[in-house]
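Numbering (the working numbering), first residue to last: 3 to 536. Note that CB positions come from ideal geometry on N, CA and C, so glycine has one too.
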Ligand code: PRP
């Protein structure tokens with residue numbers, strides 16, 4: 003019986019931690035109340051349909067249960083959707099605008115051992131019944147003023163516009179299949195990936211290719227105006243310019259940056275979208291936007307906008323650091339990619355002499371003190387970057403495909419080229435026969451994805467190394483593995499049946515670092531352009 007432990011992703015708060023949390027929440031709520039917002043509390047339990055309609059949530063992240071009447075119910079996964087339900091069903095006779103605030107937990111399941119919280123306290127507001135630039139200015143200025151009173155001045159609010167992506171997809175005439183691929187590539191700032199997918203559309207896709215690069219200070223809006231010339235796109239950019247002018251008039255412009263490539267995961271946003279970032283925390287601490295059609299889904303068609311502040315990431319942040327003086331910390335994959343990576347850094351004018359005689363040391367500083375380098379196993383590189391304890395990472399696409407991507411994949415470094423392949427005994431016909439095939443692999447997610455796309459049900463066995471042994475020993479019918487020279491397969495009487503994916507080394511970036519340290523990261527990218535290795 004697990005009576006002494008608590009489930010992954012949950013925490014006990016004891017003594018000072020409670021005081022710290024309550025002090026932060028009180029400061030936030032005071033500001034909401036001062037601006038005329040009234041509290042609303044929605045139940046812990048909702049029908050799961052509330053969240054799963056509207057494709058707003060990945061249903062795998064819902065904590066679902068069956069109640070005694072056999073209905074599927076879910077723990078509250080977000081506050082805006084249940085509040086939209088309450089407004090449409092109980093508050094539809096109230097005078098508008100309605101100003102509501104909440105202070106309640108949301109529950110989201112994630113993969114085990116990822117260090118993600120399953121329960122997050124959110125303090126947020128919803129401004130219902132107004133659709134104007136004044137309302138958008140109001141809600142963003144409330145977000146900024148609240149954060150500045152609660153945590154000081156060390157944060158940035160990044161603003162984008164939800165429909166810009168959709169407008170450009172229409173203008174560029176992209177197929178719906180490519181649209182969803184490009185959406186996630188843009189979300190991950192995978193510049194090379196976007197270019198590769200859109201290459202076949204020629205000149206007309208340039209506008210979409212540029213989108214993930216358009217982030218930074220107010221000047222990106224002028225850059226955008228030189229690229230986007232249609233009435234609809236110009237209207238969006240001018241709207242953001244006006245919003246910025248309004249925030250500037252309130253002396254809040256120093257907190258504001260833009261990202262026109264923000265493609266929010268939660269699909270209910272219709273207009274402005276925004277996120278908040280602080281140093282010392284690798285994830286956003288605030289998110290919000292305009293969601294004019296969500297309440298209508300529950301039967302009452304009113305526009306609305308709002309935001310939520312995530313309390314635990316603020317409490318958990320590492321020591322506040324001055325971003326300007328902080329070295330860029332890069333996690334480098336040990337082994338296969340190590341030599342080429344160090345060669346690349348050397349060629350790019352970033353010599354690290356301490357690496358030449360590294361002994362058992364794990365972290366190294368570049369000669370100029372601008373970079374810190376650490377050597378880690380491939381999947382750990384991803385973990386460090388995801389959590390923001392490293393700003394950048396150099397890792398193979400194989401590890402990215404296997405471990406997901408809640409980070410930006412900003413450059414294909416071109417070296418470490420190999421491929422994922424389905425392979426097995428030479429001369430065997432893999433697809434022959436009626437039995438369910440057994441596949442041995444170090445990469446179960448890549449393998450599952452490959453066969454799911456083909457509609458073939460296989461049994462996957464995870465093997466940690468020298469996977470080639472599995473078909474030789476007849477544990478499996480085939481393997482899905484990395485093939486570089488092909489020597490290992492050849493020398494063991496195996497052959498490639500089918501290619502699965504191309505692999506090479508990628509430069510990845512933590513989402514918050516990308517916003518807060520854009521200048522340093524751009525400088526590094528600039529140096530790397532010239533430092534090619536083969
Ligand atoms: C990788 C891969 C293959 C081999 C392929 O293994 O899993 O076994 O390299 O390279 P080749 O095509 O050039 O022969 P790695 O050496 O990383 O170690 P592992 O087998 O222990 O996983």
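query: How many angstroms separate the CA atom of residue 478 from the CA atom of residue 363?
result: For this step, residue 478 is matched to residue 476 along the chain shown. For this step, residue 363 is matched to residue 361 along the chain shown. In a straight line, the C-alpha of residue 478 is about 40 Å away from that of residue 363.
query: Anyone know if the C-beta pair for residue 88 and residue 123 falls short of 8 Å?
result: What you label residue 88 is simply residue 86 of the chain shown in a count that begins at 1. What you label residue 123 is simply residue 121 of the chain shown in a count that begins at 1. No.
field: Coil, strand or helix - residue 508 by DSSP
entry: Residue mapping note: residue 508 aligns to position 506 of the chain shown, counting from 1. Of the three classes helix, strand and coil, the one that applies to residue 508 here is strand, per DSSP.
- prompt: Are there 16 or more other CB atoms within 10 angstroms of the CB of residue 472, so buried, or fewer, so exposed?
  reply: Position 470 of the chain shown, counted from the start, is the residue given in the question as residue 472. Answer is buried; the Cβ neighbour count reaches 16.
task: Can you tell me which of the three DSSP states residue 193 falls into?
output: Translated into positions along the chain shown, residue 193 becomes position 191. Residue state, collapsed to three classes: helix.
query: So, helix, strand or coil for residue 2, using DSSP?
result: The first residue shown for the chain is 3 and the last is 536, placing residue 2 beyond what the model contains.
task: Following the continuous alpha helix (DSSP H) through residue 516, name the residue where it begins and the one where it ends.
output: Numbered from 1 along the chain shown, position 514 holds the residue referred to as residue 516. First-last of the alpha helix (DSSP H) with residue 516: 513–518.
message: On the criterion of 16 or more Cβ atoms from any shown chain inside 10 Å, does residue 125 qualify as buried, or is it exposed?
response: Walking along the chain shown from the start, residue 125 turns up at place 123. The residue is buried, with at least 16 neighbouring Cβ atoms inside 10 Å.
- request: Counting only the same chain and skipping the five closest in sequence on each side, list residues whose C-beta sits under 6 Å from that of residue 305.
  value: Position 303 of the chain shown, counting from 1, holds the residue named residue 305. Contacts found: 133 and 294.
- prompt: Can you tell me whether residue 13 is buried or exposed, with buried defined as 16 or more other CB within 10 angstroms of its CB?
  reply: Position 11 of the chain shown, counted from the start, is the residue given in the question as residue 13. Residue 13 should be labelled exposed.
query: How many angstroms separate the CA atom of residue 269 from the CA atom of residue 164?
result: As a position in the chain shown, residue 269 is number 267, starting the count at 1. As a position in the chain shown, residue 164 is number 162, starting the count at 1. Going from the Cα of residue 269 to the Cα of residue 164 covers about 9 Å.
query: Which of helix, strand or coil does DSSP assign to residue 106?
result: Position 104 of the chain shown holds residue 106. Residue state, collapsed to three classes: strand.
task: Could you tell me whether the segment 390–404 touches the segment 497–507, using the rule of 3 or more Cβ pairs below 8 Å?
output: yes
message: Between 170, 175, 448 and 25, which has its C-alpha nearest residue 399's C-alpha?
response: Taking the first residue of the chain shown as 1, we reach residue 399 at position 397. Among 170, 175, 448 and 25, the Cα nearest to that of residue 399 belongs to 448.
message: With a threshold of 7 Å on Cβ separation, who are the neighbours of residue 538 within its own chain once the five nearest residues in sequence on each side are excluded?
response: Past the edges of the chain, shown from 3 to 536, lies residue 538, and the structure says nothing about it.
Supposed contact pair residue 33 and residue 147 - C-beta distance, whole angstroms, cut 8 Å: Within the chain shown, the letter at position 145 stands for residue 147. Within the chain shown, the letter at position 31 stands for residue 33. The Cβ separation is near 6 Å, so the contact holds.
query: On the premise that residue 63 lies in contact with residue 86, defined as a C-beta separation below 8 Å, what is that separation, rounded to the nearest angstrom?
result: Within the chain shown, the letter at position 84 stands for residue 86. Within the chain shown, the letter at position 61 stands for residue 63. Not a contact, Cβ separation roughly 19 Å.
Extent of the continuous alpha helix (DSSP H) to which residue 450 belongs: Locating residue 450 in the chain shown gives position 448, where the first residue counts as 1. Run containing residue 450: 446–456, per the alpha helix (DSSP H) assignment.
Pair within 8 Å by beta-carbon distance, residue 174 and residue 209: In the chain shown, counting from the first residue as 1, residue 174 sits at position 172. In the chain shown, counting from the first residue as 1, residue 209 sits at position 207. Yes. Within cutoff.
- prompt: Got a sec: is the Cβ-Cβ distance from residue 243 to anything in chain B below 8 Å?
  reply: The structure shown contains no chain B, having only a single protein chain.
message: Which residue marks the beginning of the alpha helix (DSSP H) containing residue 49, and which one marks its end?
response: Taking the first residue of the chain shown as 1, we reach residue 49 at position 47. Not the alpha helix (DSSP H): residue 49 falls in the beta strand (DSSP E), residues 47–49.
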